[in-house]
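As numbered in the numbering used here, residues 24 to 496 make up the sequence shown, in order.
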Amino acid sequence: MSATAHELPQSNPSQALARVSVTSGNLAKPQIDALTGIRSAGALLVVICHVQMIMALGALPPKNPQDQVVPAFREWNAQGAADLTSNFFLHTIIHGAYAAVNLFFMLSGFVLAYTCLQENGRFRVSTRGFWMSRFARIYPVYLFGLIFYLPLFFVTATMGGMSTGRWWAMIAATLGLAQAWWPEAANAWNPPAWTLSAEAFFYVVFPFLLTWVDRRTRPQIWALFAICYAWAVVPAVLYVLINPDGLTTMTYIEEGTWWRVMKYNPLVRFPEFFSGVLMGKLFAYDAMQNARAGRSSKGWLAIVALVAVFIGMSLTDYLPYIVLHNGLLMPLVAVAVYDLAMGGGPLGWFFSRRPLVALGNSTYCIYILHAAFIGYGMIATWFALGGKAIIEHDEAVKAATDPSAVAPVDFSKFSTEMVGTPWQFLIWLTIILIIASLAMNRWFEEPCRRYLRRKLTRAHVPIPPRAQAADVP
24 MSATAHELPQ SNPSQALARV SVTSGNLAKP QIDALTGIRS AGALLVVICH VQMIMALGAL
84 PPKNPQDQVV PAFREWNAQG AADLTSNFFL HTIIHGAYAA VNLFFMLSGF VLAYTCLQEN
144 GRFRVSTRGF WMSRFARIYP VYLFGLIFYL PLFFVTATMG GMSTGRWWAM IAATLGLAQA
204 WWPEAANAWN PPAWTLSAEA FFYVVFPFLL TWVDRRTRPQ IWALFAICYA WAVVPAVLYV
264 LINPDGLTTM TYIEEGTWWR VMKYNPLVRF PEFFSGVLMG KLFAYDAMQN ARAGRSSKGW
324 LAIVALVAVF IGMSLTDYLP YIVLHNGLLM PLVAVAVYDL AMGGGPLGWF FSRRPLVALG
384 NSTYCIYILH AAFIGYGMIA TWFALGGKAI IEHDEAVKAA TDPSAVAPVD FSKFSTEMVG
444 TPWQFLIWLT IILIIASLAM NRWFEEPCRR YLRRKLTRAH VPIPPRAQAA DVP
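So this is what it looks like as structure tokens:
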């Protein structure tokens, strides 16, 4: 084996697509490792962003003036929120990490379309088999994540004064993957799970969408791209102009009914997935032609596109958050995904490294579990910095015959030095989360998927082949 082959083990996907057997007509579809590997970067961006977001919220004054504040915990959160945005690079990463969700939705559409690509460059999908395959792919980990997060959901619902009926309605909606249609429920029970609610809608329409897209010409595909871009950006611009929630600021920690609709509703986020499917059709048009003609950017288009995405992310202080959040950078993300799929170049080589591919295959677990890990870690920190003392004080007050005789909590005994720094919190959280997700992918996610696929196969449901790259969330 040559040195080059050893260093660059991933074949060029577009070249592999050109290798069609004349006798059998079977399509040689390779695993697109670079698209799996880049998901690892996106997942870590989301984790870092959400840690900083929780710290920023923890540093704010309580909404209810009656709530008792733990001074050291609030100080620790304020320190973390500032430290994680202390320079231009960190500020850009934190405030632009939502581009990772754009990436995930577009990758989902592209990879699913690529998986259904036939040797003649057309698409084929069994509707019932596809739906069953998607269920086997997402629901076991999804349900595990909900159970893991359930104590946090119960605590927040109780503290928020949620009625029992509303609580059970949110449980039913979330178990049924319908919470993204209900603004208040979208991120109530395991917040990241809203993306799976959106994906569930995408999966329902995908077989029909793919059949329709398959009949479109290249000019029509480009026109549909433009429509998708307008579909993503125009509603966000209208929201900024109309401001239906009456927000004084529009940042990533704001709340409001229509704000939640803009961020979570599946119809609002559909153009990102749709664009991925359209890229899959263009890939079918172009891959074999480009490979036979020897045309390739060698990954440089992807590099330029990702640099441009970073520049766009750095403009969060100057452009409306919701417009950037909902797809302003979508064309650049599309170029990066498409060029990485075509293969070659230093970026494709980097994201095809085995550790990144292994991590990329585990990103679904990272995504579903990380909010619970953050929540439990924050509770442990709150306990250590005075929260436990508050609980003990409240119990003493309830048990005392004369509550006024119980001494108040002496918060001066607690300082941020009693726990690790916010940076240490983030680093250890990330390490533990990665280890747990790798283990879960190997010993839970994949066995559950194989088991369900076997059951469905025995039930004579035509199951499509496994995706050639990680495809959720």
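Glycine residues also receive a C-beta, built at the ideal position from the N, C-alpha and C atoms.
Check                                                                                                   : Outcome
Which of helix, strand or coil DSSP assigns to F158                                                     : helix
Assumed close pair F225, F293 - CB separation to whole angstroms, cut-off 8 Å                           : 7 Å
Counted within 10 angstroms of its Cβ, other Cβ atoms place W245 as buried (16 or more) or exposed      : exposed
For A104 and A82, the rounded distance between their alpha carbons                                      : 8 Å
Distance, V291 Cα to M285 Cα                                                                            : 6 Å
Local conformation of L140 per DSSP, three classes                                                      : strand
Exposed unless 16 or more other CB atoms sit within 10 angstroms - verdict on D425                      : exposed
Nearest residue (CA-CA) to G409, options T439, V429 and S427                                            : T439
Cβ-Cβ distance between L324 and L58 below 8 Å                                                           : no
Nearest-angstrom Cα separation, counted from V300 out to F127                                           : 13 Å
G7, enclosing alpha helix (DSSP H) - first and last residue                                             : Outside the displayed range of the chain (24 to 496) lies residue 7, so it cannot be described from this structure.
Assigned secondary structure, F176 (DSSP; H/G/I helix, E/B strand, else coil)                           : helix
Proximal residues to P215 (C-beta, below 6 Å), its chain only, five neighbours per side dropped         : Y390 and A394
Residue burial classification, G48 (beta-carbon count within 10 angstroms, cutoff 16)                   : Reliability fails at G48, whose pLDDT of 35 lies under 50, so the model's placement of it is uncertain and the value that follows must be treated cautiously. Exposed, by the Cβ-count rule.
Simplified DSSP state of F437, which is helix, strand or coil                                           : coil
Cβ-Cβ separation, G119 to S337 (assumed contact under 8 Å), whole Å                                     : 7 Å
Whole-Å CB distance - G398 paired with L175, under 8 Å assumed                                          : 5 Å
Inter-stretch contact (C-beta, 8 Å, three-pair minimum) for the stretch 232-251 and the stretch 166-174 : no
contact_flag[the stretch 147-160, the stretch 184-195] where n(CB pairs < 8 Å) is 3 or more             : no
Residue(s) in a DSSP beta bridge with F146                                                              : L140
Same chain only: Cβ atoms within 8 Å of V356, ignoring 5 sequence neighbours per side                   : A122, N125, L126, M129, A328 and V332
CB contact flag (P354, G322, <8 Å)                                                                      : no
Simplified DSSP assignment, three categories, for E207                                                  : coil
Three-pair Cβ contact test at 8 Å for the stretch 159-166 versus the stretch 471-480                    : yes
Beta-carbon proximity of A221 to F434, cut-off 8 Å                                                      : no
Residue nearest to V346 in terms of C-alpha spacing, selected from E98, V260, N288 and W446             : V260
Residue nearest to S385 in terms of C-alpha spacing, selected from I55, T138, I458 and A255             : I458
Per-residue burial, F231 [other beta carbons within 10 Å of its own, 16 or more giving buried]          : exposed
Backbone CA spacing between A223 and T150 [nearest angstrom]                                            : 14 Å
Residue range of the unbroken alpha helix (DSSP H) whose run includes D268                              : Neither: D268 is in no alpha helix (DSSP H) and is coded neither H nor E.
Proximity below 8 Å, CB of A255 to CB of N349                                                           : yes
Exposure label - K304; buried when at least 16 CB within 10 Å                                           : buried
Separation of W235 from F146, as counted between CA atoms                                               : 10 Å
Segment limits, alpha helix (DSSP H) that includes S427                                                 : It is not in any alpha helix (DSSP H) - S427 carries neither H nor E in the DSSP assignment.
Residues near A316 in its chain [Cβ-Cβ closer than 8 Å; skip 5 each side]                               : Any reading at A316 must be qualified, since the residue scores a pLDDT of 45, below 50, and its modelled position is unreliable; the value itself is stated next. The answer is none, since no qualifying residue turns up.
When V93, W99, H416 and L107 are compared against V70, the one with the closest alpha-carbon            : L107
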